[in-house]
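**Student:** Can you read through this structure? Questions will come right after.
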Amino acid sequence: MAQRRNSDYGSQVDPSIVVSAERLSDSHAGFRIRFFLGLLTFLVGLTGFLIVLAIAITGS
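According to my numbering, the sequence shown holds residues 6 to 65 in order.
See below:
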């Protein structure tokens with residue numbers, strides 16, 4: 006019985022929390038895009054550097 010009451014209580018969502026979460030995600034959407042583009046650029050550059058380093062080490 007206690008579990009049922011707890012699950013019913015947990016299923017109620019405060020609308021103000023949902024609205025603030027949506028606003029937070031909107032304000033951070035640009036940051037997330039820039040972060041992932043920067044991360045992708047870093048990984049591509051690192052991969053290229055490692056390829057050049059491997060070629061230089063093997064002497065091809």
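Glycine is no exception: its CB is placed at the ideal position from the N, C-alpha and C atoms. Because the structure is a prediction, the values reported are computed rather than measured.
Is DSSP giving G43 helix, strand or coil here?
**Tutor:** In the structure shown, G43 sits in a helix (DSSP, three-state: H, G or I).
**Student:** State the DSSP-derived secondary structure class of G35, mapped to helix, strand or coil.
**Tutor:** It is helical.
**Student:** Can you tell me whether G64 is helix, strand or coil according to DSSP?
**Tutor:** Coil at G64, not helix or strand.
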